[in-house]
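Participant: Numbering (this note's numbering), first residue to last: -16 to 165.
I have a structure here, written as structure tokens, and I will follow up with some questions on it.
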């Protein structure tokens, strides 16, 4: 289920641009075939073909790198019982940290600092711990505050630029919610 979540997210991100590029290639090819092919149409067709090839390259690169990263994670199905913060899944002892197309497993203990900032329309949570700095995304400031409360419970000495909200349990991050798999 977790693997399908990340795979489907990649597919959703690339589906519209790849479909539009393929449609444009066929549209220009049809126009070239039905009328006298003008030289500029051939150049447009080549450019659109290159754009489609580049999109497909990045789609498969992200899909393969995500699959390889997820294969390294032990007991990945345990994350279904844990909480979630945007694209990251959290258990008591570890988290599956996701930002963009990057996915990695990190320990929740040993996190020393948490910095929350806005970048465009996204809330970014920058964490620094024993495994080095990493970033995850949050749906908003309230979700980041609940994550801060959870991490402060695990790491009382953690420094943060946001006030914790809640009592720091996984249930506040969505653990125990019913997930339908059909």
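Every residue, glycine too, gets a C-beta built ideally from N, C-alpha and C.
Determine the extent of the alpha helix (DSSP H) in which residue 2 is found, giving its start and end residues.
Facilitator: Taken as a continuous stretch (DSSP letters only), the alpha helix (DSSP H) holding residue 2 covers -15 to 17.
Participant: Closer than 8 Å is the cut-off here; do at least three beta carbon pairs connect the region 98 to 114 with the region 122 to 130?
Facilitator: Taking 8 Å as the limit for Cβ pairs, the verdict is that the region 122 to 130 does touch the region 98 to 114.
Participant: Closest by CA to residue 82, which one among 69, 91, 76?
Facilitator: The candidate whose alpha carbon is nearest that of residue 82 is 69.
Participant: Nearest to residue 131 by alpha carbon, out of 35, 59, 109?
Facilitator: With distances taken between Cα atoms, residue 131 lies closest to 109.
Participant: Sort out for me which residues DSSP pairs residue 98 with in a bridge.
Facilitator: According to DSSP, residue 98 bridges with 109.
Participant: Whole angstroms are fine: how far does the CA of residue 157 sit from the CA of residue 79?
Facilitator: Spanning the two alpha carbons is a distance of roughly 15 Å.
Participant: Examine the Cβ distances between the region 37 to 57 and the region 19 to 29 and report whether three or more of them are shorter than 8 Å.
Facilitator: No, because fewer than three Cβ pairs between the region 37 to 57 and the region 19 to 29 fall closer than 8 Å, the two stretches do not touch.
Participant: Are the beta-carbon atoms of residue 92 and residue 76 separated by less than 8 Å?
Facilitator: A contact, by the Cβ cut-off of 8 Å.
Participant: Under three-state DSSP, which class holds residue 54?
Facilitator: The answer is helix: DSSP assigns residue 54 an H, G or I state.
Participant: Take residue 71 as the anchor and find which of 61, 14, 144, 86 has the nearest alpha-carbon.
Facilitator: It is 86.
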